[in-house]
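Novice: If you read the sequence shown in the numbering used here, its first letter stands for residue 12, the second for the next number, and so on.
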Amino acid sequence: AIKNNTLQFADARWFENANWKLEMDILVPEMKQEKVDKALQSKMEQTEKASQLEAANKGWTALKQATQIIQKNHKEKSNIKQDRIWQDFEEKLTAIDQMLCNKQNVVIENAAKLYDTCTDYVGDATKHIAILKLIYEHEQALKELLANPLLTDMTVLEQDFCPLEESLRQVHL
Numbered sequence: 012a013i014k015n016n017t018l019q020f021a022d023a024r025w026f027e028n029a030n031w032k033l034e035m036d037i038l039v040p041e042m043k044q045e046k047v048d049k050a051l052q053s054k055m056e057q058t059e060k061a062s063q064l065e066a067a068n069k070g071w072t073a074l075k076q077a078t079q080i081i082q083k084n085h086k087e088k089s090n091i092k093q094d095r096i097w098q099d100f101e102e103k104l105t106a107i108d109q110m111l112c113n114k115q116n117v118v119i120e121n122a123a124k125l126y127d128t129c130t131d132y133v134g135d136a137t138k139h140i141a142i143l144k145l146i147y148e149h150e151q152a153l154k155e156l157l158a159n160p161l162l163t164d165m166t167v168l169e170q171d172f173c174p175l176e177e178s179l180r181q182v183h184l
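Right under this line is the structure:
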């Protein structure tokens, strides 16, 4: 499984406490030490990314939900276009969801590739999950804010803040 890049989560538990370097020397004795080290490093990185996939997926799913709510309620929603990257990102999220339903049979290399692709597209959304949850858990309040011209119309904002700004200048003189 290691040699053929078909190591699955179910297999990985057998290797958790193993000496990977020794295992690689036994599995592929003809491989030079430099290649063994490189392959070992690659497997360790893939395993780490694959194990982070589930947590990262929660952040990416929250980002997707928050984005859909903002798009649905934005006054310029007819002008918002879904580009190819976003569509591909959504497809990858669907693939991750399906993958995580049967996690034990997931090939670690495939999970790591999905992790890399989604991270390249949108970064680490887990850092922002609290804010993203606020958006989709309070959709009605967001809808009301977006409908309020006092907060969304720049001309109204400028008219309201110009006197305030002038007043602040006079106070500091």
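Note that the Cβ used here is the ideal one computed from N, Cα and C, for glycine as well. These numbers come from a predicted model, not from an experiment.
Exposed or buried, which one is residue 78 when buried takes at least 16 other CB atoms within 10 Å?
Specialist: The residue given as residue 78 occupies position 67 in the sequence shown. Classification of residue 78: buried, given that the 10 Å Cβ count is 16 or more.
Novice: Could you give the DSSP three-state label for residue 118: helix, strand or coil?
Specialist: Against the sequence shown, residue 118 aligns to sequence position 107. If DSSP states are grouped into helix, strand and coil, residue 118 belongs with the strands.
Novice: CA-CA distance, residue 92 and residue 43?
Specialist: Position 81 of the sequence shown, counting from 1, holds the residue named residue 92. Position 32 of the sequence shown, counting from 1, holds the residue named residue 43. About 51 Å.
Novice: Return the residue from the list 84, 105, 49 and 102 that minimises the CA-CA distance to residue 152.
Specialist: Within the sequence shown, numbered from 1, the residue matching residue 152 stands at position 141. Residue 152 has its Cα closest to that of 84, out of 84, 105, 49 and 102.
Novice: Determine the burial state of residue 117: buried for a count of at least 16 other Cβ atoms within 10 Å of its Cβ, exposed for fewer.
Specialist: As a working mapping, residue 117 is identified with position 106 in the sequence shown. It is buried - the Cβ of residue 117 has at least 16 other Cβ atoms within 10 Å.
Novice: Please go through the same chain and pick out, in chain order, the residues whose beta-carbon is closer than 8 Å to the beta-carbon of residue 67, but skip the five residues on each side of it.
Specialist: The residue labelled residue 67 in the question sits at position 56 within the sequence shown. Around residue 67: 126, 129, 130, 135, 136 and 137.
Novice: Do residue 61 and residue 142 have their C-beta atoms closer together than 7 Å?
Specialist: Along the sequence shown, read from residue 1 onward, the residue named residue 61 stands at position 50. Along the sequence shown, read from residue 1 onward, the residue named residue 142 stands at position 131. In this structure, residue 142 does not lie closer than 7 Å to residue 61 by Cβ.
Novice: With a CB to CB cut of under 7 Å and the five nearest residues on each side skipped, what residues in its chain are close to residue 132?
Specialist: Along the sequence shown, read from residue 1 onward, the residue named residue 132 stands at position 121. Only 96 and 100 meet the Cβ criterion.
Novice: Helix, strand or coil: which one does DSSP assign to residue 135?
Specialist: Looking up residue 135 in the sequence shown gives position 124. DSSP places residue 135 in coil when its eight states are reduced to three.
Novice: Quick check on residue 93: does DSSP put it in helix, strand or coil?
Specialist: Counted from its first residue, the sequence shown places residue 93 at position 82. Coil, per DSSP.
Novice: Can you grab the Cα-Cα spacing for the pair residue 51 / residue 156, in whole Å?
Specialist: For this step, residue 51 is matched to residue 40 along the sequence shown. For this step, residue 156 is matched to residue 145 along the sequence shown. Looking at the two C-alpha atoms, the distance is approximately 52 Å.
Novice: Can you say whether residue 64 is buried or exposed, counting buried as having 16 or more other CB atoms within 10 angstroms of its CB?
Specialist: Sequence index remark: in the sequence shown, residue 64 carries index 53 (1-based). Buried: at least 16 other Cβ atoms inside 10 Å.
Novice: Return yes when the Cβ of residue 150 is within less than 7 Å of the Cβ of residue 80, no when it is not.
Specialist: What you label residue 80 is simply residue 69 of the sequence shown in a count that begins at 1. What you label residue 150 is simply residue 139 of the sequence shown in a count that begins at 1. The answer is yes: Cβ separation under 7 Å.
Novice: Where does residue 46 sit, in a helix, a strand or coil, going by DSSP?
Specialist: Indexing the sequence shown from 1 puts residue 46 at position 35. Helix, per DSSP.
Novice: Give me the Cα-Cα distance between residue 169 and residue 89, rounded to the nearest whole angstrom.
Specialist: Indexing the sequence shown from 1 puts residue 169 at position 158. Indexing the sequence shown from 1 puts residue 89 at position 78. Those two C-alpha atoms are separated by around 26 Å.
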